[in-house]
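Chemist: My questions will all concern the structure given below.
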Amino acid sequence: MVVHTYPSNSSIILRVKGPLDFKCLLEKTDGLHIQNVISKTFEALCSDVKSESCVFALCNGPVVIWPNKNVHISPEDVPPNAPCEELSQWILTNEQESTGKRSTKKKSKKSYAGTVINLRLMMEVTRAADLHSPSLPVFARMVQTSHFVSTTLLMDCVVCVSISDTIQDACLCLVEELTNQLNEMKRVTLLHLMGTSMPVPEPLHFLLPEPHGLVTVVYPAGVSDTQLLTTRQILHQKYDLPDDTPYFRRANAYHFPSEPYKDGYLRNPHVSLTHPYLDNGKVYLVQGIYSYHHYMQDRMDDNGWGCAYRSLQTICSWFQQQGYVDRSVPSHKEIQQALVDVGDKQASFVGSRQWIGSIEVQVVLNELLGVTSKIMFVSQGSELGSKGRELANHFTTEGTPVMIGGGVLAHTILGVVWSETTGEIKYLILDPHYTGAEDLQTITEKGWCGWKGPEFWDHTAYYNLCLPQRPKILCALGKTSKQKPCSVRVNLKGSGSHLF
Numbered sequence: 001m002v003v004h005t006y007p008s009n010s011s012i013i014l015r016v017k018g019p020l021d022f023k024c025l026l027e028k029t030d031g032l033h034i035q036n037v038i039s040k041t042f043e044a045l046c047s048d049v050k051s052e053s054c055v056f057a058l059c060n061g062p063v064v065i066w067p068n069k070n071v072h073i074s075p076e077d078v079p080p081n082a083p084c085e086e087l088s089q090w091i092l093t094n095e096q097e098s099t100g101k102r103s104t105k106k107k108s109k110k111s112y113a114g115t116v117i118n119l120r121l122m123m124e125v126t127r128a129a130d131l132h133s134p135s136l137p138v139f140a141r142m143v144q145t146s147h148f149v150s151t152t153l154l155m156d157c158v159v160c161v162s163i164s165d166t167i168q169d170a171c172l173c174l175v176e177e178l179t180n181q182l183n184e185m186k187r188v189t190l191l192h193l194m195g196t197s198m199p200v201p202e203p204l205h206f207l208l209p210e211p212h213g214l215v216t217v218v219y220p221a222g223v224s225d226t227q228l229l230t231t232r233q234i235l236h237q238k239y240d241l242p243d244d245t246p247y248f249r250r251a252n253a254y255h256f257p258s259e260p261y262k263d264g265y266l267r268n269p270h271v272s273l274t275h276p277y278l279d280n281g282k283v284y285l286v287q288g289i290y291s292y293h294h295y296m297q298d299r300m301d302d303n304g305w306g307c308a309y310r311s312l313q314t315i316c317s318w319f320q321q322q323g324y325v326d327r328s329v330p331s332h333k334e335i336q337q338a339l340v341d342v343g344d345k346q347a348s349f350v351g352s353r354q355w356i357g358s359i360e361v362q363v364v365l366n367e368l369l370g371v372t373s374k375i376m377f378v379s380q381g382s383e384l385g386s387k388g389r390e391l392a393n394h395f396t397t398e399g400t401p402v403m404i405g406g407g408v409l410a411h412t413i414l415g416v417v418w419s420e421t422t423g424e425i426k427y428l429i430l431d432p433h434y435t436g437a438e439d440l441q442t443i444t445e446k447g448w449c450g451w452k453g454p455e456f457w458d459h460t461a462y463y464n465l466c467l468p469q470r471p472k473i474l475c476a477l478g479k480t481s482k483q484k485p486c487s488v489r490v491n492l493k494g495s496g497s498h499l500f
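For the sequence shown, my numbering assigns the number 1 to the initial residue and increments by one for each residue that follows.
Rendered as structure tokens:
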């Protein structure tokens, strides 16, 4: 694993990703021979990364860097001793990419601190020396039984540097990190090598609390979090982290800002909002990442009846993306079936368009996720203005989204601004009644995610609030749902087998 400086406004993150071909020939099937061959193959890859054939190419830009050729850079307008932020000025805009025009270096003095610069890892196939002294191919025929192993290692290395650090120094750091990652991949592969079964090593990044910052951990792909219990215990001890928060489960892997989420849901739309001002007011917000679930998603027409289902889905996404559970966000039908299974509803409820409320949300969270919740009863909406202390305490201690239901409407509360001296309060509301596309600008500008005052609530209606509680067990190290191990198998009973 590799530790990086904590990202800050005075730093730039450089990330290099790319495939390396892992190929080896096994002449024997005994364990010692397999270990030796695998070790030598990883050592050869380390040599390749340190060779002049290693290339870093700027993503969406024309800059190509040979880090081991005295940090040779093309175009020559980019000197190796230039600050790292210079690379950001060569990244093509969408318009430049669509027109095919070559990028010209921008002269603005804009600071690129806090940004992520993405590089592609590539290896030159033909070296300059080969062109000057070509050699004739030599063919040899050998008859023997052997086994060919081939896979692709997906390298993913990150370094955090100061904006004033030079490109040359940053590239040397990246080469060192690539070498370290290959050595860690070798260790993990040999550690989890069981007979003829070889798991492919998978690097993941985790953002830990200060002062640790970004940490890269290599896990064996296909091996479940449950099977990696001891590994995660050691990591928690190494970084002095509490055992009641899951930091190193795969669900907690750091998501880089430039990467889209594959499921299409918006994450944390509230982060783009400006906090309202209250005299002596303090902000108390949801902690962590959640997905915004609302009407008409998932090819499901629930307009007019599914708001509480959507609020529940947002809450479930929070527990999933914090690594407390590893099951997917439940569908409407799965929510209804859970209520039938516990005896809360009749069998005819499944597939219906009937509403649910805060109590049902509490029941489903307990049934499907094993999560307990507190219920706050408010006899009329006018009393919600006096619940600032309770809500502030919830977001401070638990940090989970809160579902609130009243009358025929349900919403999600993501935080409050509350003044202990004046009692004034404003609520950060995520509205599940939205029916449009995943357009962050529309959602925030139209108030589908926004700050509301006490007048937002119907002062004559009663409300129930479901406040989910974080698991108090050793959730960072505890159970997850069962997964079948999916190690990649090398078939040693026949030649020509592949490691996929």
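A virtual CB, placed ideally from N, CA and C, is assigned to each residue, including glycine. As the structure is a computational prediction, the values presented were derived from the model and not from experiment.
May I have the straight-line CA-CA distance separating V340 from H459, to the nearest angstrom?
Modeler: For the purposes of this step, residue 340 is taken as residue 340 along the sequence shown, with counting starting at 1. For the purposes of this step, residue 459 is taken as residue 459 along the sequence shown, with counting starting at 1. Between V340 and H459, the C-alpha separation is close to 33 Å.
Chemist: Excluding five sequence neighbours on each side, which residues of the same chain lie with their C-beta closer than 7 Å to the C-beta of E76?
Modeler: For the purposes of this step, residue 76 is taken as the residue at position 76 of the sequence shown. Excluding positions up to five away in sequence, the list is empty.
Chemist: When DSSP labels each residue in this structure, what does T397 get in the three-state scheme?
Modeler: By one-based count along the sequence shown, residue 397 stands at place 397. Correct three-state label for T397: helix.
Chemist: Anyone know if the C-beta pair for V218 and P201 falls short of 7 Å?
Modeler: Position 218 of the sequence shown, counting from 1, holds the residue named residue 218. Position 201 of the sequence shown, counting from 1, holds the residue named residue 201. Yes, these two residues count as a Cβ contact at 7 Å.
Chemist: Roughly how many whole angstroms lie between the Cα atoms of P211 and Y247?
Modeler: Start at 1 with the first residue of the sequence shown, and residue 211 comes out as number 211. Start at 1 with the first residue of the sequence shown, and residue 247 comes out as number 247. Cα to Cα, P211 sits roughly 15 Å from Y247.
Chemist: How would you label A437, buried or exposed, when you count the other beta carbons within 10 angstroms and need 16 or more for buried?
Modeler: To locate residue 437, count along the sequence shown from 1; it is residue 437. When all chains shown are included, A437 counts as exposed.
Chemist: Specify whether the region 227 to 242 and the region 393 to 409 touch according to this definition: at least 3 beta carbon pairs, one from each stretch, less than 8 Å apart.
Modeler: Because the criterion of three Cβ pairs below 8 Å is not met, the region 227 to 242 and the region 393 to 409 do not touch.
Chemist: Which residues in the same chain have their Cβ closer than 6 Å to the Cβ of N118, if we skip the five residues on either side of it in sequence?
Modeler: Counting from one through the sequence shown, the residue named residue 118 turns up at place 118. Excluding residues within five positions, the ones whose Cβ falls inside 6 Å are R15 and C59.
Chemist: Taking the continuous alpha helix (DSSP H) assigned at H411, which residues delimit it?
Modeler: Position 411 of the sequence shown, counted from the start, is the residue given in the question as residue 411. That residue, H411, is in no alpha helix (DSSP H); its beta strand (DSSP E) goes L409 to S419.
Chemist: I need the DSSP call for E43, collapsed to helix, strand or coil.
Modeler: As a first step, residue 43 must be located in the sequence shown, where it is residue number 43. If DSSP states are grouped into helix, strand and coil, E43 belongs with the helices.
Chemist: Exposed or buried, K345, counting other C-beta atoms within 10 Å across all chains shown (16 or more means buried)?
Modeler: Here residue 345 refers to the residue found at position 345 when the sequence shown is read from its first residue. Buried is the call here.
Chemist: From this set, G450, G213, R470 and E367, which residue's C-alpha is nearest Q322's C-alpha?
Modeler: As a first step, residue 322 is located in the sequence shown; it is residue number 322 there, counting from the start. Ranking G450, G213, R470 and E367 by Cα distance to Q322 puts R470 first.
Chemist: How about S291 and Y265: are their beta carbons less than 7 Å apart?
Modeler: Position 291 of the sequence shown, counted from the first residue, corresponds to residue 291. Position 265 of the sequence shown, counted from the first residue, corresponds to residue 265. Yes, these two residues count as a Cβ contact at 7 Å.
Chemist: For a minimum of 3 consecutive residues, which ranges assigned as the beta strand (DSSP E) are wholly contained in the region 260 to 317?
Modeler: Counting only runs of 3 or more, we get 281 to 285.
Chemist: Have a look at the DSSP bridge pairing and note the partners of E57.
Modeler: Stepping through the sequence shown from its first residue, residue 57 is reached at position 57. The residue you asked about is not Glu; residue 57 is Ala in the sequence shown. A57 is bridged to V64 and R120.
Chemist: Which ranges does the alpha helix (DSSP H) cover as unbroken runs of at least 4 residues, wholly within the region 196 to 262, from first to last along the chain?
Modeler: Segments of the alpha helix (DSSP H) lying fully in the region 196 to 262: 229 to 238.
Chemist: Please state whether DSSP places F377 in a helix, a strand or coil.
Modeler: As a first step, residue 377 is located in the sequence shown; it is residue number 377 there, counting from the start. Correct three-state label for F377: strand.
Chemist: Quick check on A392: buried or exposed, where buried means 16 or more other Cβ atoms within 10 Å of its Cβ?
Modeler: Numbered from 1 along the sequence shown, position 392 holds the residue referred to as residue 392. Result: buried.
Chemist: What number of angstroms, rounded off, separates the C-alpha of M122 from the C-alpha of H192?
Modeler: Within the sequence shown, the letter at position 122 stands for residue 122. Within the sequence shown, the letter at position 192 stands for residue 192. Distance between the alpha carbons of M122 and H192 is about 28 Å.
Chemist: Work out the CA separation of Q237 and A251 for me, nearest whole Å.
Modeler: For the purposes of this step, residue 251 is taken as residue 251 along the sequence shown, with counting starting at 1. For the purposes of this step, residue 237 is taken as residue 237 along the sequence shown, with counting starting at 1. Approximately 20 Å between the Cα atoms of the pair.
Chemist: Here's the rule I'm using: 16 or more other beta-carbon atoms within 10 Å means buried, otherwise exposed. How should A347 be labelled?
Modeler: Here the question's residue 347 lines up with position 347 in the sequence shown. Result: exposed.
Chemist: Give the DSSP bridge partners of N464, in chain order.
Modeler: As a position in the sequence shown, residue 464 is number 464, starting the count at 1. Paired residue(s): F377 and G405.
Chemist: Can you tell me which of the three DSSP states P454 falls into?
Modeler: Residue mapping note: residue 454 aligns to position 454 of the sequence shown, counting from 1. P454: helix per DSSP, three-state reduction.
Chemist: Go to H332, then tell me how far its alpha helix (DSSP H) extends in each direction, as first and last residue.
Modeler: Here the question's residue 332 lines up with position 332 in the sequence shown. Segment H332 to D341, the alpha helix (DSSP H) holding H332.
Chemist: I need the boundaries of the beta strand (DSSP E) containing T152, first residue and last residue.
Modeler: The residue given as residue 152 occupies position 152 in the sequence shown. Note, T152: beta strand (DSSP E), H147 to S162.
Chemist: Can you tell me whether H72 is helix, strand or coil according to DSSP?
Modeler: Taking the first residue of the sequence shown as 1, we reach residue 72 at position 72. Looking at H72 - three-state DSSP - the assignment turns out to be strand.
Chemist: Which stretch, first to last residue, makes up the alpha helix (DSSP H) that contains L384?
Modeler: Mapped onto the sequence shown, residue 384 falls at position 384. Run containing L384: none; DSSP gives neither H nor E here.
Chemist: Measure the C-alpha to C-alpha separation of T5 and D263 and round it to an integer number of angstroms.
Modeler: One-based indexing of the sequence shown puts residue 5 at position 5. One-based indexing of the sequence shown puts residue 263 at position 263. Interpretation of T5 is limited by its pLDDT of 47, a score under 50 that renders its predicted location unreliable; the figure taken from the coordinates is listed afterwards. The straight-line gap from Cα to Cα measures roughly 30 Å.
Chemist: From G388, L430 and T397, pick the residue whose C-alpha is nearest to that of V417; which is it?
Modeler: Here residue 417 refers to the residue found at position 417 when the sequence shown is read from its first residue. Of the listed residues, the one whose Cα sits closest to V417 is G388.
Chemist: Quick one, are the C-beta atoms of G205 and V175 less than 7 Å apart?
Modeler: For this step, residue 205 is matched to residue 205 along the sequence shown. For this step, residue 175 is matched to residue 175 along the sequence shown. For clarity, residue 205 is His in the given sequence; the question names Gly instead. In this structure, V175 does not lie closer than 7 Å to H205 by Cβ.
Chemist: Give the range of the alpha helix (DSSP H) segment to which K186 is assigned.
Modeler: For the purposes of this step, residue 186 is taken as the residue at position 186 of the sequence shown. Start and end: I167 to L191.
Chemist: Run the CB neighbour count on P203, radius 10 Å, all protein chains shown included, and call it buried at 16 or more, exposed below.
Modeler: Counting from one through the sequence shown, the residue named residue 203 turns up at place 203. It is buried - the Cβ of P203 has at least 16 other Cβ atoms within 10 Å.
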